[in-house]
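Protein chains in written order, with my numbering: chain A, 1 to 278; chain B, 1001 to 1100; chain C, 2001 to 2119. Glycine included, C-beta positions come from ideal geometry on N, C-alpha and C.
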Amino acid sequence: MLRTFSHRIYPALILAVSATAIASPEEDRNALRAFYEQRFPGIELDAHVDGAYALDADKRDQWLEMEDFPPYEIAIDDGADRYDEPLADGSSYADCLGNEAPVVKQYYPRFDPASGEIETLEQRINSCREAAGEEPLDYLGSEMSSLMAFIAYESRGERVAIEVPDDPRAQAAYEDGKEFFYTRRGQLNFACSSCHVTMVGNALRAERLSASLGHTTHWPVYRLKWKEVGPLHKRFIECNSQVRAVPLEAQSESYRNLEYFLTYMSNGMELNGPASRK
Amino acid sequence: MMKTVIRISLLLPLSLSALAAQAGPAETLERASTIYEQALAQEHGWSVTEPLIEEARAAMAAGDEDRAQALADRALLTAEQSLKQAQDEKDAWQARVVGR
Amino acid sequence: MYAQQLRPMRTLSALVLTLAAITTQAAESDSIAEGREIAADRNRGNCYSCHMADGAQMTGNGGPPLMQMQMRFPDREVLKAQIADPRVRNPNTVMPPYGAHGILTARELELVVDYIHSL
């Protein structure tokens, strides 16, 4: 009697559990927003697009001074020139990037049903190039960063609007990115969330740890440390390396999925790239 | 799919590693390298392991057996722990999800 | 006569004892100094990235200030366990497992514990 009962109830229970375990992206986003809202009662959530400078008035003042003469301006100009130059077959980036081009940053990264994977804007640019008979660009190189800087600049003020469509592959990519974000890595045993959620707002030595909301809105970034404009995945590489994990390749599947998750968390926030950082 | 197959095959070497303690530095290093490769395949390698392996090899080449063994032991420890981390984190990450 | 011979011997052994005491004391403060150096080193302990401690510069605040350690940890082994693997006490800790993950060697760990226990 009891046995049959438990046999019947178990599958139902397991179903119920797995249904609650996988929260929808929208539930995740709302929970994360609520977390930061509670953690920083005096700070508008939208302010986190400025990263650590949203948390520290002194550093913010220094940074605003730096932004008076934006160190990424040359990259924007260079990117504009490259963007306008016809590709090998006479077509242009604008033809390839769709009607709204160059104002497209808000839609990336996106799920590509053809490949079943997440496509970043950098990858899109390279497939435009290859379709037009050009060589792909180095994902960490200055040419790609310049193009990205121009598109980011043109997309300023748009609000992040990415989707996780009703396709199990898209949902799996989102879940994978979320897992990456919360997974401890490296000899020092940190997840992204250890620093940007658990310790957010604390100082690591002299550095204030920024919130993950807004982490994707302002790329590419001119960093004083890099002395050049660089992409988001370069920052992933650095954040992985500093905990003594072997970093992944820029544009690897895991980093693209991570970018997908992180960008979804910033849905609705204003694009403000390129930006400068210490 | 691929990932699952890799994960399951990874569970074996950990239990064997205790044996390595009695072996010489060359054997310890071989174990360390194998386990490190497995951790890497799961995107869980630690950046300290390879330099330790190389340092140990250099000590071996220089004929300093004791130093080679000490370094090889450290390489093995980091490799094993990186793989353990990969395995533990398969579930552990979920407890950290905000809002859960 | 025996006594006469013994006296210088006694003085000598007293001298040896005193010397020994001085060297242990020196050794102790040496180990504390070395432990402090390891704790401060960004490539080894890097403890100050999260902890304030007496005399430390540019400290972070992800963890509690390290003070009154002998009072908080009368048993040195308990302190050592916290540094070797803080996950045992708190599975959700952000503090790295310095011993379990081989971040510090066994010797370095002992030196750091000596130093922290002296705070």
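Inter-residue spacing [alpha-carbon to alpha-carbon] between residue i and residue j
i          : j          : result
C:Ile-2038 : C:Gly-2055 : 14 Å
B:Glu-1030 : A:Leu-55   : 48 Å
A:Glu-207  : C:Gly-2060 : 8 Å
A:Leu-45   : C:Arg-2076 : 45 Å
B:Glu-1055 : A:Val-160  : 48 Å
A:Leu-87   : A:Gly-79   : 14 Å
C:Asp-2030 : C:Arg-2036 : 10 Å
A:Ala-75   : A:Arg-185  : 33 Å
C:Asn-2090 : C:Gln-2082 : 9 Å
A:Pro-109  : A:Pro-247  : 20 Å
A:Gly-177  : A:Gln-171  : 10 Å
A:Gly-116  : A:Thr-198  : 33 Å
A:Ala-312  : B:Ala-1026 : Past the edges of chain A, shown from 1 to 278, lies residue 312 of chain A, and the structure says nothing about it.
A:Asp-89   : A:Ile-125  : 15 Å
A:Ile-162  : C:Leu-2109 : 48 Å
A:Gln-62   : A:Ala-52   : 12 Å
A:Leu-140  : A:Glu-130  : 18 Å
A:Ser-145  : B:Ser-1047 : 27 Å
A:Glu-27   : A:Pro-165  : 15 Å
A:Glu-253  : A:Pro-113  : 15 Å
C:Leu-2111 : C:Arg-2087 : 21 Å
C:Leu-2119 : C:Ala-2084 : 18 Å
A:Phe-181  : A:Glu-135  : 32 Å
C:Pro-2065 : C:Tyr-2098 : 18 Å
A:Gln-251  : A:Leu-232  : 10 Å
B:Arg-1057 : C:Ser-2049 : 33 Å
A:Gly-230  : B:Asp-1064 : 44 Å
C:Arg-2058 : B:Gln-1081 : Note that residue 2058 of chain C is Met in the sequence shown, not Arg. Answer to the nearest angstrom: the Cα atoms are 31 Å apart.
A:Asp-81   : A:Phe-111  : 29 Å
B:Gln-1094 : A:Gln-38   : 21 Å
C:Pro-2096 : A:Ser-241  : 15 Å
A:Cys-239  : A:Ser-91   : 38 Å
Cβ neighbours of residue i in the same chain (closer than 6 Å, five flanking residues each side left out)
i          : result
A:Lys-105  : Ile-151, Ala-152, Ser-155, Leu-271
A:Arg-277  : Val-221, Arg-223
A:Pro-71   : Tyr-222, Ser-276
A:Leu-32   : Met-265
C:Cys-2047 : Ala-2039
A:Glu-169  : Sequence check: residue 169 of chain A is Arg here, not Glu. For A:Arg-169, where only same-chain residues beyond five positions count, the Cβ hits under 6 Å are Gly-116.
C:Ala-2021 : Only weak support is given to the placement of C:Ala-2021: the predicted model assigns it a pLDDT of 44, under 50, and the question is left unresolved by the model.
Opposing strand residues paired with residue i [DSSP bridges]
i          : result
B:Trp-1046 : A:Ala-245
C:Leu-2066 : C:Ala-2053
A:Glu-228  : A:Arg-223
A:Asp-112  : A:Glu-117
A:Leu-204  : A:Glu-207
A:Glu-270  : A:Arg-159
B:Ala-1070 : Note: B:Ala-1070 sits in no beta bridge, so no partner.
B:Ala-1039 : Partner(s): none; B:Ala-1039 has no beta bridge.
A:Ser-276  : A:Tyr-222
A:Arg-185  : A:Phe-190
Cut-off 7 Å between Cβ atoms - residues of its own chain near residue i, not counting five sequence neighbours on either side
i          : result
A:Val-49   : Gly-214, Thr-217, His-218, Met-269, Glu-270, Asn-272
B:Arg-1074 : Leu-1052
A:Tyr-260  : Pro-109, Ile-118, Ala-173, Tyr-174, Gly-177
A:Ala-211  : Tyr-36, His-48, His-196, Val-200
B:Arg-1067 : Ala-1059
A:Pro-25   : Val-164, Tyr-174, Tyr-264
C:Leu-2079 : Met-2069, Phe-2073, Val-2113, Ile-2116, His-2117
A:Asn-202  : Leu-209
A:Glu-67   : Ser-276
8 Å CB neighbourhood of residue i in its chain, flanking five on each side removed
i          : result
C:Leu-2019 : Residue placement at C:Leu-2019 is poorly supported in this model, since its pLDDT is 45, which falls under 50; the coordinates are not used for a value here.
A:Leu-204  : Cys-195
A:Ala-94   : Tyr-83, Ala-101, Pro-102
A:Ser-193  : Phe-181, Tyr-182, Ser-212
C:Arg-2107 : none
A:Gly-133  : Leu-87, Ala-88, Asp-89
Where the region 163 to 194 of chain A meets chain C: residues whose CB sits under 8 Å from a CB there: Gln-187, Leu-188, Asn-189, Phe-190, Ser-194
Cβ-based contacts, 8 Å cut-off: residues of the region 2039 to 2065 of chain C near chain A: Tyr-2048, Ser-2049, Cys-2050, Met-2058, Thr-2059, Gly-2060, Asn-2061, Gly-2062
Interface residues of the region 252 to 276 of chain A facing chain B [CB-CB below 8 Å]: Ser-254
Enumerated in chain order, which unbroken segments of the alpha helix (DSSP H) with a length of 4 residues or greater are wholly contained in the region 16 to 88 of chain A? If we require 4 residues or more, the alpha helix (DSSP H) runs fully inside the region 16 to 88 of chain A come out as 25 to 39, 57 to 68, 73 to 84.
What residues in the region 1035 to 1061 of chain B have a beta carbon less than 7 Å from any beta carbon of chain A? Leu-1040, Glu-1043, His-1044, Gly-1045, Trp-1046, Ser-1047, Val-1048
Against chain B: residues of the region 2089 to 2106 of chain C by CB proximity under 8 Å: Asn-2092, Ala-2100, His-2101, Gly-2102, Thr-2105
Quick one, which residues of the region 1076 to 1091 of chain B are near chain C if we go by CB-CB under 9 Å, in chain order? Leu-1077, Thr-1078, Gln-1081, Ser-1082, Gln-1085
Quick one: which residues of the region 35 to 61 of chain A get their C-beta closer than 9 Å to a C-beta of chain C? List them in chain order. none
Runs of 4 residues minimum, wholly inside the region 124 to 181 of chain A: which ones carry the alpha helix (DSSP H) assignment? Runs found: 142 to 154.
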